[in-house]
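Right, one structure below, let's go through it.
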Amino acid sequence: MQLARNAVSSRPGTALAIGAAALVAGWLVSMLLPGYLVYLATTAIVATISLIGLGVVTGTAGMIVLCQLTFAAVGAWIVSWLNVVGAPGGLLVWVVAGGIVAGVAGTIIGLPALRLRGVNLAVVTLGFAAAADLTLMKTQFPGAVSGTKIQRPELFSTDRSYFFLTIIVLVALALAVFFLQKSRWGSSWRAVAFSERGTASAGSSVRIAKLTAFAASSAIAGIAGGLMAGQVSTAFPSGFTTLQSLALYVLSIVAGAHLIEMALFGGILWVLIPELLKRWGIPQDWGLVVFGAMGIQALTSNSNLGQDIRNALLRRKQGRSDPATAVLPSLLEETPEAPFHAAVEGKVLLKVENLTVQFGQIKALHNVNMTVSEGTIVGLIGPNGAGKSTFVDAVSGFLPQHAGEVWLGEDRLNDLAPHHRARTGLRRTFQQDRVPPSLTVYEYMKFITRGQSSRDEITGLLDFFGCPGPGEKISNVDVGTRRIIEVAANIAARPRLLVLDEPAAGLSHQEHIAFGQRLRQVPQRYGTAILIIEHDLDLVRSVCQYITVLDFGEVLASGEQEEVLSDPKVLKAYMGETELI
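Here the sequence shown stands for residues 5 to 585, where the numbers follow our numbering.
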């Protein structure tokens, strides 16, 4: 039932039908509303467009951006200037031009996001908003001083027809954002919001993910600003202040503007609250206080109105109190699998030479040498603090300051960023949860495989590892199962080498055994060699042909499993005992 529900909600035909219905509803509203309410409704639609853009960069990509109306001001400025100089094309072309220029400006402002996160990024965007605010107050918009009015197209010259124009633009942009969110770009935005490392290890550029989110968001804001300029005929700085940008950000958090229908709800609130204050004789400044109070409530509850409403409807539809209680497949269930035959060991695949990583005066790794051959599963073990995780980070590109050589086949990896190493054929998993909960299992698998695996291949791998169905939301899945989904997704990408960092964490002992049985078949079934870092020696024994032991950042022993595990030095360093139990 879960799979069917997700499939329906994600179907493109359904989205197009909703868009067509919205156009019909918008036309009816434009015909029936009184004149003043038409103006307010137009303002609400323009605010909705701005919120949809803000939902992309903030709600989906997880970045704090406090200058959305500044990008809208860029779009309004371009429209005003093109109107003054009499540029050809008319308002519709000018609005598109304003969106393009705002998108470029957003990409430039987004460059600090490559280095800054959280509050630091918020300060940069707030500073940009304040600087633009002061500049506009001094220079004004083109045509504002002379009173030059922006000319609307003849077809949309009245307020009612212009309202319908904003509806058309809203539907077009909402559909564009919907399909973007379902694309690999949308998955990369959600992935980078949850884990930048997880995004890079999937072969996606974190830089491109962030910059495209900034560009899309600011371009949409620029279009909204151009429409606002066309609505009021002459743009003024008072419509694009820093405080209003802050209020819009708060409203996006409260409403959950990454959900398109809730962006519309937020746009209505943007108009409704000031209008109610006006009718009650309360100063308009109190509107900002109301928005601030709503933001505090949303942040303290770690939720938003849109998601709360969706969850409530979901619980009502399913007839249960908690959507996360869905019965999921188990790793212990029988799955169709071919008889196990060990893969034939091939040539050296991973070659690490004299790998050294130093933090200040501390050498986390010192002259580590290691190889992994095609068709093999190699274990990397050692006591806590031995340097195992540092080794994985260095090999996968997250510690580029290391010394030594790292080769994958004929490819030298030293100068490659993590996402380029992933594309070369080196994939990894993490000790911590790096699986974005906002995705479905299928969306995550498609993102990790970069769209190169068919649905049948993905479903087959999920069945093989006893994972939930493709339509299950990852947020409904326990942490242990998420780890298995992460492993299955990376195997589906068909890398040459997969590095597993404690993949069985969160699994029961019986699930460890079942997981190991399936893992042993991966080289022969899927052609992927495996390097596994694991503390569970039972799992290591069951899957690894070769083992390397690290201790204090150096290789203590390396070779075949039985030889290494019986080495007295390993027994003493790893267990402090004379026998590995």
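In this text, a Cβ means the ideal position worked out from N, Cα and C, and glycines have one as well.
If the criterion is Cβ atoms closer than 9 Å, does the pair residue i and residue j meet it?
i	j	result
leucine 73	threonine 216	no
glycine 110	phenylalanine 218	yes
threonine 433	arginine 500	no
isoleucine 154	leucine 95	yes
glycine 102	glycine 79	yes
serine 249	alanine 148	no
tyrosine 43	glutamine 185	no
valine 439	isoleucine 495	no
glycine 243	alanine 77	yes
glutamate 409	threonine 444	no
glycine 30	phenylalanine 167	yes
phenylalanine 468	serine 208	no
valine 547	glycine 413	no
isoleucine 104	alanine 204	no
leucine 543	glycine 520	yes
threonine 360	leucine 369	yes
serine 192	alanine 220	no
glutamate 538	alanine 577	no
alanine 206	alanine 421	no
Establish whether the CB of residue i and some CB of chain D are separated by less than 9 Å.
i	result
valine 547	No chain D appears in the structure shown, which is made up of a single protein chain.
Skipping 5 residues on each side, what residues in its chain have a beta carbon closer than 7 Å to that of residue i?
i	result
glycine 299	Val254, Ile257 and Val258
proline 340	In this predicted model, proline 340 has a pLDDT of only 46, less than 50, meaning its place in the structure is not dependable enough to derive any value.
glycine 296	Val254
leucine 292	Leu247 and Ala251
valine 380	Here the sequence assigns threonine to residue 380, which means valine is not the residue at that position. Counting only Cβ-Cβ distances below 7 Å, and skipping sequence neighbours, we find Glu349, Pro527, Ala533, Gln549 and Tyr550.
proline 278	Gln288 and Gly291
arginine 194	Thr64, Pro440, Ser442 and Leu443
phenylalanine 132	Cys71, Thr74 and Ile113
leucine 125	Met67, Ile68, Pro116 and Ala117
Might you give, ordered along the chain, the residues of its own chain that have their beta carbon closer than 6 Å to the beta carbon of residue i, omitting 5 neighbours on each side?
i	result
lysine 367	Gly557
serine 34	Arg164, Phe167 and Phe168
alanine 48	Gly271, Ile272 and Val275
tryptophan 457	In the sequence on display, residue 457 carries serine and not tryptophan. Only Ala496 meet the Cβ criterion.
isoleucine 536	Gly383 and Leu504
valine 88	Pro146, Gly147 and Thr152
If I measure Cβ to Cβ from residue i and keep anything under 8 Å in the same chain, skipping five residues before and after, which residues do I get?
i	result
arginine 211	Leu118
leucine 120	Val128
Roughly how many angstroms separate the alpha carbons of residue i and residue j, rounded to a whole number?
i	j	result
glutamate 200	arginine 164	46 Å
phenylalanine 145	serine 187	37 Å
histidine 2	proline 441	It is not possible to answer for residue 2, since the shown part of the chain is limited to 5 through 585.
proline 241	leucine 281	22 Å
threonine 143	aspartate 137	10 Å
isoleucine 385	threonine 129	45 Å
glycine 364	leucine 465	44 Å
leucine 20	alanine 407	54 Å
valine 181	isoleucine 53	11 Å
leucine 27	glycine 473	35 Å
serine 325	aspartate 312	Caution applies to serine 325, whose pLDDT of 42 falls short of 50 and renders its modelled position unreliable; the value that the coordinates give is listed next. Straight-line Cα distance between these residues: approximately 13 Å.
glutamine 405	tryptophan 411	16 Å
valine 352	glutamate 506	23 Å
lysine 392	alanine 225	46 Å
serine 562	valine 553	6 Å
arginine 522	glycine 470	10 Å
leucine 58	aspartate 482	31 Å
alanine 493	leucine 115	31 Å
isoleucine 68	threonine 375	43 Å
valine 196	leucine 403	19 Å
tryptophan 81	isoleucine 462	49 Å
aspartate 437	alanine 316	27 Å
glutamine 525	leucine 502	14 Å
aspartate 460	aspartate 555	43 Å
tryptophan 284	proline 38	21 Å
arginine 431	tryptophan 98	46 Å
Is residue i near the ligand HEM, judged by its Cβ being under 8 Å from some heavy atom?
i	result
threonine 552	The ligand HEM is not part of this structure, which contains no ligands at all.
Can you give, in chain order, each stretch of the alpha helix (DSSP H) that sits fully within the region 47 to 94 and has at least 4 residues? You should have 72 to 89.
Any contact between the region 258 to 271 and the region 213 to 232? By contact I mean 3 or more CB pairs, one from each, below 8 Å. The answer is no - the region 213 to 232 does not touch the region 258 to 271, with fewer than three Cβ pairs under 8 Å.
Which runs of the alpha helix (DSSP H) at least 4 residues long sit entirely within the region 368 to 436? Give them in chain order. Counting only runs that start and end inside the region 368 to 436, the alpha helix (DSSP H) elements of at least 4 residues fall at 392 to 400 and 422 to 428.
**Message:** Can you confirm whether the region 518 to 530 touches the region 552 to 571 when touching is taken to mean that 3 or more C-beta pairs between the two stretches lie within less than 8 Å?
**Reply:** Three or more beta-carbon pairs separated by less than 8 Å are not found between the region 552 to 571 and the region 518 to 530, which leaves the two stretches without contact.
| Which runs of the beta strand (DSSP E) fall wholly inside the region 485 to 549 and span at least 3 residues, in chain order? | Within the region 485 to 549, the complete beta strand (DSSP E) runs of at least 3 residues are 501 to 505 and 533 to 537.
Do three or more CB pairs link the region 395 to 402 to the region 414 to 428 at distances below 8 Å? Result yes; three or more Cβ-Cβ pairs closer than 8 Å.
Report the residue ranges of all alpha helix (DSSP H) runs contained in full by the region 140 to 196; include only those spanning at least 4 residues, in chain order. Taken in chain order, the complete alpha helix (DSSP H) segments of 4 residues or longer contained in the region 140 to 196 are 163 to 186.
Q.
In chain order, what are the residue ranges of uninterrupted alpha helix (DSSP H) at least 4 long that sit wholly in the region 441 to 470?
A. Runs of the alpha helix (DSSP H) inside the region 441 to 470: 445 to 452 and 459 to 468.
query: Could you give the uninterrupted runs of the alpha helix (DSSP H) lying entirely in the region 231 to 272, keeping only those of 4 residues or more?
result: Listed in chain order, the alpha helix (DSSP H) elements of length 4 or more contained wholly in the region 231 to 272 are 246 to 259.
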